[in-house]
Amino acid sequence: MQIASSFGSEKFLPHPGSWLDDEMDAGLKTLMLRLMTFDVLIVPGLDGSGEHHWQSLWKHFLLHQGISVRSVEQHDWSSPDLETWKKTLVSSVQHCSRSVLVVAHSLGALLTVHCADLEIAGALLVAPADAEETRAPARGRIKGFAPLPQGTLRFPSVLVTSDNDEWLSPARARFMAHCWGADLFPAGRVGHIGNQENLGIWREGFRALEKLLDRIDNERVVAEESQI
Numbered sequence: 122m123q124i125a126s127s128f129g130s131e132k133f134l135p136h137p138g139s140w141l142d143d144e145m146d147a148g149l150k151t152l153m154l155r156l157m158t159f160d161v162l163i164v165p166g167l168d169g170s171g172e173h174h175w176q177s178l179w180k181h182f183l184l185h186q187g188i189s190v191r192s193v194e195q196h197d198w199s200s201p202d203l204e205t206w207k208k209t210l211v212s213s214v215q216h217c218s219r220s221v222l223v224v225a226h227s228l229g230a231l232l233t234v235h236c237a238d239l240e241i242a243g244a245l246l247v248a249p250a251d252a253e254e255t256r257a258p259a260r261g262r263i264k265g266f267a268p269l270p271q272g273t274l275r276f277p278s279v280l281v282t283s284d285n286d287e288w289l290s291p292a293r294a295r296f297m298a299h300c301w302g303a304d305l306f307p308a309g310r311v312g313h314i315g316n317q318e319n320l321g322i323w324r325e326g327f328r329a330l331e332k333l334l335d336r337i338d339n340e341r342v343v344a345e346e347s348q349i
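The opening residue of the sequence shown carries number 122 in my numbering; numbering runs sequentially from there.
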């Protein structure tokens with residue numbers, strides 16, 4: 122499978138069994154090593170993530186790097202119910218054995234914010250669906266996720282935004298990031314960063330994930346220094 126290095130040009134990544142070989146971009150190799158201490162939990166959005174969605178490709182790739190990764194499996198992806206989805210997400214986190222790193226997209230990102238008391242290390246919130254103000258044709262299907270949660274999240278987070286996302290305007294993305302205390306990561310013009318965009322493994326997403334890990338590390342250092 123041809124995918125893009127997170128920090129270099131597109132190329133074939135090495136066979137899963139030899140992932141530390143020199144073919145792999147050094148930045149991506151370092152990122153994989155940093156992920157080894159986490160359980161990565163992928164949280165899809167409305168209608169789930171198809172086999173070519175970057176979340177599905179990330180899961181396949183990370184598993185082959187020896188990283189612990191699983192996906193939240195909702196009973197009904199097409200008719201989301203907030204309370205039911207929250208229970209499934211909370212249960213998924215509780216079944217993890219290590220620090221949890223959430224990688225959430227669209228309605229899955231908004232779901233993660235609705236579960237603000239989650240005991241997780243951090244969350245990558247990719248293109249959260251704006252249940253209050255989106256003009257997307259399917260907006261009626263997510264109205265049960267409004268109003269948006271308010272207040273700073275208790276875990277570090279990075280909010281990834283696209284300039285031409287019908288589910289989330291740049292202005293609303295900035296508003297959400299401010300409300301939730303998330304770092305903003307502009308990803309360019311990549312639509313809703315979902316099933317329709319054909320992004321492959323989406324190397325810019327790895328950059329956003331690196332930014333999240335940096336924030337987690339920085340907050341840990343600050344917490345440790347405050348106890349000295």
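Ideal Cβ placement from N, Cα and C applies to all residues, glycine included. Please read all numbers here as calculations on a predicted model, not as lab measurements.
How is the alpha helix (DSSP H) around residue 170 delimited, first residue to last? From DSSP, residue 170 is part of no alpha helix (DSSP H); its letter is neither H nor E.
Is it buried or exposed for residue 310, if we count other Cβ within 10 angstroms and need 16 for buried? exposed
Thinking residue 244 and residue 267 are a contact (beta carbons under 8 Å), I'd like their distance in whole angstroms, please. Contact flag wrong, Cβ pair sits at about 20 Å.
Going along the chain, which residues of its own chain have a beta-carbon closer than 8 Å to the beta-carbon of residue 157, five neighbours each way excluded? 187, 188
If we count the other Cβ atoms within 10 Å of its Cβ and call it buried at 16 or more, is residue 229 buried or exposed? buried
Range of the contiguous alpha helix (DSSP H) that encloses residue 291: 291-301
Inspect the beta-carbon positions of residue 298 and residue 247 and report whether they are closer than 9 Å. no
Top-ranked residue by Cα proximity to residue 152, from 326, 348, 347: 326
Just grab the DSSP bridge partners of residue 247 for me. 226, 281
Once DSSP output is grouped into helix, strand and coil, what is the label at residue 202? coil
With distances taken from CA atoms, which of 192, 242, 209, 183 is nearest residue 335? 242
Where residue 238 falls, given that 16 or more other Cβ within 10 Å makes a residue buried: exposed
When you compare each of 219, 181, 234, 220 to residue 206 by their alpha carbons, which one comes out closest? 234
Going by DSSP in three states, residue 188 sits in which element: helix, strand or coil? coil
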